[in-house]
Amino acid sequence: MLMSVAEGIISGIMIGGVYSLVALGIVVVFKSTRVITFTQGGLLLMGAITGWALLGPAGLPVGLGVVLTLAACAFLGMCLDRFTLRPIIGQPILASIMVTIALAWLFDSVGTLIIGGGLRPYPPLLPHGTYKWGRVYISQSLLLQFIIAVLLFIAFTLFYKYGRLGLAMRGTAEDHTVVQSLGIKVTNIFSYSWVIAALSGGVSGILLASTLGATVGLSGIGMKALVVVLIGGMESIPGVILMGPIIGILENLSIQFLDPLVGGGLGEVVPYAVMLIVLLVKPYGLFGLKRIERI
Amino acid sequence: MHWVPCGTYNVNYRQDFAIFRTKPHWISLVVFLLILFTLPFYCSRYMLALLSTIGITIIAVQGLGILTGYGGQISIGQAAFMGTGAYLSVILMQRFDFPFLLALFSAGIGSGLVGVVFGLPALRIKGFYLAMSTLAAQLILGWFFLHLRGITGGTEGLHVEHASFAGITFNTPQNKYWLVMVFTLLAIFFAKNLMRTKVGRALVAIRDNDLAAKVMGIEVALYKLLAFFISCFFAGIAGAVYAHYIGFISPVQFTLQDSILYLGILIVGGMGSIMGAIFGTVFMKLIEEFVFVISPMLATWFPGFGAQFFAALSLAFYAIIIILFLVFEPRGINHLWVVLKNRYRLYPFSH
Amino acid sequence: MRMKMNVWLLLLSLGIFLAGSSFGLFGYALAQEKGVLDRDPIGSVAIFEINDLTGPTSDSCVPHHNGIWDVIRDVNEKGGIIYSDPKTGKKERVKINFEWGDNKAQAGPVPTLYERMANASPRPIICYMGSSAAGETTPPWTQRDKIVQINAGGGQPGWYPPRYAFTINSDYPGNACTAAWWAMKDWKSKGHTEAPGWAWFTLDIPYGRATIKPESEAYIKSLGFKIVGTWTMPFVPVDTGAQFRSMIDAGANYCYGNLVILQQQKLMKDVTMLGLKEKIQVIACPYGIMEDIIKVAGKDAEGLVGVHNTAFPDELDKPGVKWAHDITKKYKHAWNSDSILGCAYGKIMVTAIKWALETKGYPVTGEDVYNSMLSPDGFDTGGLLPPVKFTQTERRGIWKTHMRGVKDGKIVRISEDFTIPDMKPGGPWTPKE
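Chains as they are written, first to last, in my numbering: chain A, -15 to 279; chain B, 156 to 506; chain C, 79 to 511.
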């Protein structure tokens, strides 16, 4: 019992690391463009499928394949911004929500067009064994996913804090007009934010697909990432880093201990219920900024 | 700018408020209704099924239009509220022997109340946050449909007896079509008129700026919840009618994808207009049918691609249409219709 | 001697006459066959299909669709269904119109899809419902419209109460009984004496749940199992460790569920990674132990067992399997147990129409096909499936199942045939109130 709690918590943290990685893209896009993206799952799917196509049928070596996949994702992110989101700047919030949802649908169906409804096996990227720690088993691939996510987070934080572009992005997050007057082109920053979102989606897509295989349903992870973001606070990167693992733990423990009592299915619902409660108590998330509105 | 037909002078308030002003208006209404209700005599069952599903969707989308189009509160849970209505009506009829009409309205009201519960976050949050909380409603209600197995039948769903009232049993495609159409027309009529009352104007004020509305003395909290209630009432009615139309309900009929599709319909049709919801529903359903008809043909012509290649097209079509509308015509089909009408009325002058 | 000679001559001439006439008859028949191909088809019959061509279960449904489509294309390319008309005795042929729709594993699009295709001209006489969502909605409608409905899924609304819907496959609760029967043998052969624990996996769609019925639970309990609970599988499982931990804490030794390859392979990967293969035996339903599982799960698939009922794809010595293999290859589709099922469905549908044509002549109605479905001899699939037979009160075609297992990267048969118990509601296994 105790062992399985420990296993549940540890593997929850590790799955949560990937959720955080997916969610990072959403936060970055929101911070600079004020658009909440439902497309993150679609970008993840595109990453997974491109990775499959390059590593599987095309047979490229792993390093080259991953780099090319990420390049393709970055290009996709830029196209998204240029051709679908820029035209709707200034329209009500529903417009941006619907555009991103429609894009997610588009990616889903493009995914179905490419790989069909089934599953495409991935070449093994991550080691495929178990670490035994006392009586607690942790799968190597999950641990490695988590480590990669942590490393990427560190890299991103450095970039965001000390990089020139990162500084510009942070400025954009504060105020568009001020940044514009300082000679930074805001629309370029939008593009870069989308590129980062696409990269975060692409990396997590490859990571997830390497253990599961590429399948269209992977895009559903994007929805979970949204929950992570909302609980953490739309503008808070620390919130995302913290909340991903917490959602992972919640999910695992509710599957382990609540599901047998109620007949299953809670793993998918509990995060949303928690989100609903958090929204009622702290509407801007646990680490979010409260914006003061004026008429 | 909305032009009235040439030669129409409003000499009192009654005339000014009339929806149907002129003789041609009335004549076209009567002709339309006649055609609509005599269709079963010369239409195929397929047409009737298509029109009935369109009618049911119109009811749900009108409700969403009140909440999202007029009230500005985004809801991604309309299908779940529809499901609530469907389950409530069936359970009330099967377990508590409610007569059909009573069960229908109780389902509407019950679904409205559920909507109010999930609308409570609207008092504190708006925009995207609200969208996410209604998304949570969709998933949580969906979980209840699946897992309250004793009441809802779980994944196996519930079989629905034929509806009957006033001595008619609605068991053929023809009279089911009439049943659906009556409720569709009632819903349109109700929505159209509701939006011309104090409630409707308050909702529009809240949509445009809720702080300003509050300053003007509008009870924002009350009206937001009212909007949720009305919207989910419509959804509940739609669900109950759907249940009795299709004769079988299960959780897979009320999915997140449907909820999102209803929002898409609203955008394609034109937000904040009654006609928009109708145009949007007809347009999107016809697109869906088009893809259904065309995809086996394409698969037969290009067997190399396989069947599922073309089956996946319908979602892509929806997505592309929604994006194109948002980018090029954010006011939807309704705007095109208004422009067309004004052109016609002003012809041959350009303005 | 002379007389004997005469007798011999007589016999010889008789023999020559018989041989000649039979040859002539044969030639006449051949000429008829050729003639029928020269003539225009007398008409056409319509078949339609509603299937999950996209969506979470589509990797099983698409091969079935392809199988049916291939069979129908093959029949049409060879001139259509050729039959001898009961009134004139002449050979005739009819073409098959085949139309399909994709309901994406949802029930929403089903009514318009159904009404459009069911009211097409010529009026369809038989339809195939590959999607559980469709197959369990439509039986009242097909009964009303008198269109024979062939269900892929073995969910209960598809076969009980007896209507126009026929389920060729073994039913889902019955599959679970097969798994439990094998598991009990396995458990005893390992020398255990205490009661083993049985856990259900389910997907939150009709297909996933269809196997968990009071009847199947009663049967499994009667074998000596302790049923420890039901765990839900997400459509796209990121990690199933939590489900397994919970299951093992609850005391499960065997788990069974109506899943498809997508989930089954993840189960096998996780059960291997977490080192649980010794503790819990994963048993798959027929759609979970198709050949693809080895392709996608690789070594991790070792040790998976599952219920199945078709022939193996490599049993090409069986005439039906050879036929199905050739057709599948002709249209360049993948060849596996799923295509066996698809081709068998197609063959049964075409055969039923042919029999109806031979008893009634053209045009046939759905009712005629219904009657030929109930033919007392049942259907011969040339070894693709066990004997398929329906009766007035029984709409399940197959009662024989067996167990398969993954051994050394190949799926092999690991048990003899098992006759599944009757899982009818109100039948022998329904728990008494």
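Each residue gets a CB set at the ideal place from its N, CA and C atoms; glycine is no exception.
Within chain A, partners of residue 340/C - CB distance below 8 Å: The sequence position of residue 340/C within the third sequence is 262, counting from 1. Neighbours of residue 340/C on chain A, chain order: 102, 103, 197, 199 and 201.
If I'm right that residue 419/C touches residue 142/C with Cβ under 8 Å, what's the distance once you round it to whole angstroms? As a position in the third sequence, residue 419/C is number 341, starting the count at 1. As a position in the third sequence, residue 142/C is number 64, starting the count at 1. Confirmed, Cβ separation roughly 6 Å.
So, are the CB atoms of residue 407/C and residue 460/C less than 8 Å apart? Start at 1 with the first residue of the third sequence, and residue 407/C comes out as number 329. Start at 1 with the first residue of the third sequence, and residue 460/C comes out as number 382. No, these two residues do not count as a Cβ contact at 8 Å.
Sequence-distant residues of its chain with Cβ nearer than 7 Å to residue 487/C (five each side left out): Taking the third sequence and counting its residues from 1, the one referred to as residue 487/C is at position 409. Contacts found: 372.
Endpoints, the beta strand (DSSP E) within which residue 180/C is located: Taking the first residue of the third sequence as position 1, residue 180/C is located at position 102. Per DSSP, residue 180/C belongs to the beta strand (DSSP E) from 169 to 180.
Compare the C-beta of residue 276/C with all C-beta atoms of chain B and state if any pair is closer than 8 Å. Here residue 276/C corresponds to residue number 198 of the third sequence, with the count starting at 1. Not one chain B Cβ lies under 8 Å of residue 276/C.
Hey, residue 150/C and residue 206/C are a contact pair by Cβ (cut 8 Å); roughly how many whole angstroms apart? Here residue 150/C refers to the residue found at position 72 of the third sequence. Here residue 206/C refers to the residue found at position 128 of the third sequence. In fact, because the Cβ distance is near 10 Å, the residues do not count as touching under 8 Å.
Are any of the Cβ atoms in chain A nearer than 8 Å to that of residue 309/C? Working through the third sequence from its first residue, we reach residue 309/C at position 231. Residue 309/C counts as touching chain A.
Which residue wins for smallest C-alpha separation from residue 24/A, given the options 220/A, 209/A and 63/A? Along the first sequence, one-based indexing puts residue 24/A at 40. Among 220/A, 209/A and 63/A, the Cα nearest to that of residue 24/A belongs to 209/A.
What residues in its chain sit with their C-beta under 6 Å from that of residue 130/C, if we drop five residues either side in the sequence? Within the third sequence, residue 130/C is the residue found at index 52, counting from 1. Excluding five sequence positions before and after residue 130/C, the CB atoms of its chain that fall closer than 6 Å to its own CB belong to 136, 139, 183 and 209, given in chain order.
Helix or strand or just coil, what does DSSP make of residue 445/B? The residue labelled residue 445/B in the question sits at position 290 within the second sequence. The DSSP-derived three-state label of residue 445/B is helix.
Between residue 323/C and chain A, is any beta-carbon pair separated by less than 8 Å? Translated into positions along the third sequence, residue 323/C becomes position 245. Residue 323/C counts as touching chain A.
Using 8 Å as the threshold, is the C-beta distance between residue 433/C and residue 453/C below it? Here residue 433/C refers to the residue found at position 355 of the third sequence. Here residue 453/C refers to the residue found at position 375 of the third sequence. In contact: residue 433/C and residue 453/C (Cβ atoms closer than 8 Å).
Residues of chain C with CB closer than 9 Å to the CB of residue 126/A, please, in chain order. In the first sequence, counting from the first residue as 1, residue 126/A sits at position 142. At a C-beta separation below 9 Å, residue 126/A has these neighbours in chain C: 317, 319 and 351.
Quick one: what's got a C-beta closer than 8 Å to residue 160/A's C-beta in the same chain, skipping five residues either side? Within the first sequence, residue 160/A is the residue found at index 176, counting from 1. Here the set comprises 170.
Is the beta carbon of residue 353/C closer than 8 Å to that of residue 121/A? In the first sequence, the residue the question calls residue 121/A occupies position 137. In the third sequence, the residue the question calls residue 353/C occupies position 275. Going by C-beta atoms, residue 121/A is nearer than 8 Å to residue 353/C.
Classification of residue 113/A by the beta-carbon crowding that lies within 10 angstroms, buried from 16 upward: What you label residue 113/A is simply residue 129 of the first sequence in a count that begins at 1. Burial call: exposed.
Proximity of residue 43/A and residue 189/A at Cβ, strictly below 8 Å: The residue given as residue 43/A occupies position 59 in the first sequence. The residue given as residue 189/A occupies position 205 in the first sequence. Taking 8 Å as the Cβ cut-off, residue 43/A and residue 189/A do not qualify as a contacting pair.
For residue 172/A, is the classification buried or exposed, using 16 other Cβ atoms within 10 angstroms of its Cβ as the cut-off for buried? Indexing the first sequence from 1 puts residue 172/A at position 188. By the neighbour-count rule (16 or more Cβ atoms within 10 Å), residue 172/A is not buried but exposed.
Evaluate the contact criterion for the stretch 231 to 239 of chain A versus the stretch -13 to 6 of chain A: three or more CB pairs, one atom per stretch, below 8 Å. Using a C-beta cut-off of 8 Å, the stretch 231 to 239 of chain A makes contact with the stretch -13 to 6 of chain A, since at least three inter-stretch Cβ pairs fall below that distance.
Roughly how many angstroms separate the alpha carbons of residue 125/A and residue 163/A, rounded to a whole number? In the first sequence, the residue the question calls residue 125/A occupies position 141. In the first sequence, the residue the question calls residue 163/A occupies position 179. Cα to Cα, residue 125/A sits roughly 42 Å from residue 163/A.
Identify each residue in the stretch 195 to 219 of chain B for which the Cβ-Cβ distance to at least one residue of chain C is less than 7 Å, and report them in chain order. 199, 200, 201, 204, 205 and 208
Pick helix, strand or coil for residue 484/C, following the three-state DSSP scheme. Position 406 of the third sequence, counted from the start, is the residue given in the question as residue 484/C. Correct three-state label for residue 484/C: strand.
Quick one: residues in its chain with C-beta nearer than 8 Å to the C-beta of residue 437/C, no 5 flanking neighbours on either side, listed in chain order? Locating residue 437/C in the third sequence gives position 359, where the first residue counts as 1. Same-chain partners within the cutoff: 164, 446, 449 and 450.
Looking at C-beta atoms only, is the number of pairs between the stretch 467 to 476 of chain C and the stretch 235 to 254 of chain C that lie closer than 8 Å three or more? yes
What are the start and end residues of each continuous alpha helix (DSSP H) run of 4 or more residues lying completely inside the stretch 180 to 255 of chain A, in chain order? 205 to 216, 221 to 237 and 243 to 246
Of all Cβ atoms in chain C, is any one closer than 8 Å to the Cβ of residue 188/A? Start at 1 with the first residue of the first sequence, and residue 188/A comes out as number 204. Taking Cβ atoms only, chain C never reaches closer than 8 Å to residue 188/A, which makes this a no.
Report all residues from its chain with a CB closer than 8 Å to the CB of residue 293/B; omit the five preceding and five following residues, and keep chain order. Residue mapping note: residue 293/B aligns to position 138 of the second sequence, counting from 1. 231, 232, 234, 235, 411 and 414.
For residue 79/A and chain B, any beta-carbon pair shorter than 8 Å? Residue 79/A sits at position 95 when you count from the first residue of the first sequence. Against chain B, the CB of residue 79/A has a partner CB under 8 Å away; the residue lies at that interface.
Check the C-beta distance from residue 229/C over to residue 243/C and give it rounded, since I have them as a contact under 8 Å. Locating residue 229/C in the third sequence gives position 151, where the first residue counts as 1. Locating residue 243/C in the third sequence gives position 165, where the first residue counts as 1. Indeed, because the Cβ distance is near 6 Å, the residues count as touching under 8 Å.
Give the list of continuous beta strand (DSSP E) stretches no shorter than 3 residues that lie fully inside the stretch 252 to 302 of chain C. 275 to 281
Residue 156/B (DSSP reduced to helix, strand or coil): In the second sequence, the residue the question calls residue 156/B occupies position 1. For residue 156/B, the predicted model reports a pLDDT of 47, less than 50, meaning its position is unreliable and no value from the coordinates is stated.
Is residue 407/C near the ligand ADP, judged by its Cβ being under 7 Å from some heavy atom? The ligand ADP is not part of the structure shown, which contains no ligands of any sort.
Determine the burial state of residue 79/C: buried for a count of at least 16 other Cβ atoms within 10 Å of its Cβ, exposed for fewer. Looking up residue 79/C in the third sequence gives position 1. At residue 79/C the pLDDT is 48, less than 50, meaning the model places this residue with poor confidence and gives no usable figure here.
Beta-carbon contacts of residue 272/A that lie in its chain and below 8 Å, excluding the five residues immediately before and after: Numbered from 1 along the first sequence, position 288 holds the residue referred to as residue 272/A. The answer, listed in chain order, is 216, 217, 218, 219, 220, 223 and 266.
Where does residue 292/C land, buried or exposed, given buried means 16+ other C-beta within 10 angstroms? Residue 292/C sits at position 214 when you count from the first residue of the third sequence. Exposed, by the Cβ-count rule.
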